[in-house]
Amino acid sequence: MRTRELLTREFTLLGVRAGDVLLVHSSMRSIGWVCGGATAVVQALLEAVGPYGTIVVPAQTPDNRDPSRWSHRTVPSQWWDTIREHLPPFEPALTPSDGMGAVAERVRTWPGSARSGHPLTSFAAVGRQAAALMAEHRLDSLLGDGSPLAALERAGAKVLLLGVGYEKCTAFHLAESRLPGLRVVQLTAVVRTENGREWVRYETAGLDDHDFGDLGADYEAEYDKDAYLCRAMVGAATSRLFPVREAVRFAENWLAPRRPLRREPGPAVGHESEMR
Numbered sequence: 498m499r500t501r502e503l504l505t506r507e508f509t510l511l512g513v514r515a516g517d518v519l520l521v522h523s524s525m526r527s528i529g530w531v532c533g534g535a536t537a538v539v540q541a542l543l544e545a546v547g548p549y550g551t552i553v554v555p556a557q558t559p560d561n562r563d564p565s566r567w568s569h570r571t572v573p574s575q576w577w578d579t580i581r582e583h584l585p586p587f588e589p590a591l592t593p594s595d596g597m598g599a600v601a602e603r604v605r606t607w608p609g610s611a612r613s614g615h616p617l618t619s620f621a622a623v624g625r626q627a628a629a630l631m632a633e634h635r636l637d638s639l640l641g642d643g644s645p646l647a648a649l650e651r652a653g654a655k656v657l658l659l660g661v662g663y664e665k666c667t668a669f670h671l672a673e674s675r676l677p678g679l680r681v682v683q684l685t686a687v688v689r690t691e692n693g694r695e696w697v698r699y700e701t702a703g704l705d706d707h708d709f710g711d712l713g714a715d716y717e718a719e720y721d722k723d724a725y726l727c728r729a730m731v732g733a734a735t736s737r738l739f740p741v742r743e744a745v746r747f748a749e750n751w752l753a754p755r756r757p758l759r760r761e762p763g764p765a766v767g768h769e770s771e772m773r
C-alpha cells in the first residue's frame with residue numbers, strides 16, 4: 498500500500514525536484530494499491546515539483562478520426578456512416594482522453610488544467626507553466642515541432658516513466674518527426690468551428706513506435722547510472738526519470754540510420770503508434 502506522502506518521498510528519491518516540468522506516462526496497475534487512487538498520485542506529483550513545477554500528460558483521443566481507420570477498437574462497418582454523422586467534436590474542456598490511463602485523465606480534469614488543441618494527439622497539463630506549454634499544437638504536427646513536445650524540450654522538461662516502458666515514450670516521436678523523408682498521411686477529425694460541428698482533413702507525418710523499446714534499451718545502456726537517467730521503485734512500479742532534451746538528441750542519432758527514407762507516400766496511419 499502507498500499513501501500520497503510516501504509517493505511524494507519516493508518521487509523525490511527518484512530525482513524529481515521542486516520546479517521540475519514532468520512529462521508523465523503511467524500505469525496505476527503497476528504502481529499498486531494507492532490510498533486515494535489516481536488523485537493521490539497526482540497530488541504527490543504536484544507536491545514533489547512544488548508550486549513552480551508543472552505536470553504534463555498525454556491526453557490523446559484515438560476515436561477522433563474516421564472509424565475505418567480505428568485500430569484501438571473494432572466496430573462493424575455497417576456502423577461507420579452513423580458514427581461519421583454523430584461522433585462528438587473534439588472540445589478540449591470536455592472530450593475525455595481514451596486509453597491514456599487514470600493518472601492522465603485525472604490531470605486532464607484537474608482544477609486549472611490546460612489542454613492543447615489537437616483533436617487527435619493532445620496533451621494536458623497542470624501547474625505553473627501549464628498554459629504556456631499547451632499553447633501551440635498545430636493540426637499538421639501530431640507529435641513534432643509544432644506540438645507541446647517541442648515546448649517541453651525548450652523548457653528543460655523531464656520524462657517520468659511511471660511503471661511503463663520506453664515504448665510509451667512520446668518524446669521519441671519528437672525525434673522521429675525530425676527525420677527526413679517521413680511519409681505523409683491524410684487524417685480527418687471532427688471539431689467544433691464557428692460554423693458548428695465539422696469534419697476537417699489534414700496532412701501530417703506518419704509515425705511509428707515499433708522500435709521504441711529497443712531505442713529505450715540502448716538509451717538506458719548508454720546512460721545507466723548517469724545524470725541523464727535515474728531509476729527507482731515508486732510503489733511497486735519500476736520507474737525512470739530522464740531529460741527530454743538528451744533523450745530526443747539520442748533518439749535522433751539512433752533512429753536516423755534505422756529508418757529508411759520514404760520517397761513515396763506510405764499507408765495511412767492506422768496503427769496506434771501515433772497514439773503514444
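Just remember that the working numbering sits 497 ahead of the position in the sequence shown, which is counted from 1.
Every residue, glycine too, gets a C-beta built ideally from N, C-alpha and C.
These numbers come from a predicted model, not from an experiment.
What residues in its chain sit with their C-beta under 8 Å from that of cysteine 532, if we drop five residues either side in the sequence? Met498, Arg499, Thr500 and Arg501
Run the CB neighbour count on leucine 640, radius 10 Å, all protein chains shown included, and call it buried at 16 or more, exposed below. buried
| Between the region 515-527 and the region 648-659, are three or more C-beta pairs nearer than 8 Å? | yes
TODO: Would you grab the beta carbon distance between alanine 622 and valine 539 for me? Rounded to a whole angstrom, and I think it's under 8 Å.
DONE: Rounded, the Cβ-Cβ distance is 12 Å, inconsistent with contact.
**Span separating the alpha-carbon of threonine 685 from that of valine 697** = Distance from the CA atom of threonine 685 to the CA atom of valine 697, rounded to whole angstroms, is 5 Å.
Can the beta-carbon of glycine 662 be found less than 8 Å from the beta-carbon of glycine 529? no
What number of angstroms, rounded off, separates the C-alpha of methionine 597 from the C-alpha of alanine 556?
C-alpha separation (whole angstroms): 6 Å.
| task | Using a threshold of 8 Å, state whether the C-beta atoms of phenylalanine 709 and phenylalanine 669 are closer than that. | result | yes
Does the Cβ-Cβ distance between leucine 543 and phenylalanine 508 come in under 8 Å?
-> no
- prompt: Quick one: Cα of aspartate 595 to Cα of tryptophan 576, how far?
  reply: 20 Å
Following the continuous alpha helix (DSSP H) through phenylalanine 645, name the residue where it begins and the one where it ends.
Sequence inspection shows proline at residue 645; the phenylalanine mentioned does not correspond to that position. Run containing proline 645: 645-651, per the alpha helix (DSSP H) assignment.
Among all the DSSP beta bridges, which residues are the ones paired with lysine 655? Leu519 and Pro740
Check each candidate in Val518, Leu511, Gly512 and Glu664 and name the one with the smallest Cα separation from glutamate 650. Val518
- prompt: At what residues does the alpha helix (DSSP H) containing threonine 571 begin and finish?
  reply: Counting along the chain, threonine 571 sits inside no alpha helix (DSSP H), nor does DSSP assign it H or E at all.
Notebook entry, point to check: Taking the Cβ atom as the reference point for each residue, do serine 674 and alanine 702 lie within a distance shorter than 8 Å?
Noted result: yes
Got a sec? Which residues, its chain only, sit under 6 Å from arginine 581 by beta carbon, not counting five neighbours each side? Annotation for arginine 581: no residue places its beta carbon closer than 6 Å to its own, counting only its chain and skipping 5 residues before and after.
Cβ pair serine 527, alanine 734 closer than 8 Å: Contact check for serine 527 against alanine 734 passes: the beta carbons are separated by less than 8 Å.
ask   = Start and end of the alpha helix (DSSP H) containing leucine 503?
value = 501-511
ask   = Unbroken beta strand (DSSP E) runs of length 3 or more, entirely within the region 673-707: which are they?
value = Given a length threshold of 3 residues, each whole run of the beta strand (DSSP E) inside the region 673-707 is given here in chain order: 681-690 and 693-702.
- Query: In whole angstroms, what separates the C-alpha of glutamate 602 from that of threonine 592?
  - Reply: 10 Å
Tell me which residue opens and which closes the alpha helix (DSSP H) that threonine 536 is part of.
534-546
Practice task
In angstroms with no decimal places, state the Cα-to-Cα distance between alanine 672 and leucine 752.
Solution key: 8 Å
Terminal residues of the continuous alpha helix (DSSP H) containing methionine 730? Run containing methionine 730: none in the alpha helix (DSSP H); it sits in the beta strand (DSSP E), 727-731.
* Looking at the structure shown, is glycine 529 part of a helix, part of a strand, or coil, going by DSSP? -> Annotated three-state conformation of glycine 529 is coil, per DSSP.
- Can proline 559 and valine 572 be called in contact, C-beta distance under 8 Å? no
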